[in-house]
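Right, one structure below, let's go through it.
Residue numbers (the UniProt record's numbering): 1 to 55.
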């Protein structure tokens, strides 16, 4: 299944913002490493409501 262009764009921005690699797979954005707080910050700046869960 081809990920949407908006999902790929968000993934690209997250990877750039964290300075790491990653991919979009099965509708999920996978970012290498532990960057929860940085990802949360980037998404909130873009207007997304973020709720961290687990580990």
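Yeah, the Cβ is synthetic: ideal placement off N, Cα and C, and Gly gets one too.
Selection from the options that minimises the alpha carbon distance to residue i
| i | options | result |
| --- | --- | --- |
| residue 6 | 27, 21, 20, 18 | 27 |
| residue 32 | 44, 14, 46 | 14 |
| residue 29 | 10, 44, 45 | 10 |
Anticipated Cβ contact below 8 Å, residue i with residue j, distance rounded
| i | j | result |
| --- | --- | --- |
| residue 38 | residue 54 | No, residue 38 and residue 54 are not in contact; Cβ-Cβ is about 17 Å, not under 8 Å. |
| residue 8 | residue 20 | Contact flag wrong, Cβ pair sits at about 16 Å. |
In chain order, what are the residue ranges of uninterrupted alpha helix (DSSP H) at least 4 long that sit wholly in the UniProt domain "SUI1" (1-47)?
5-18, 36-45
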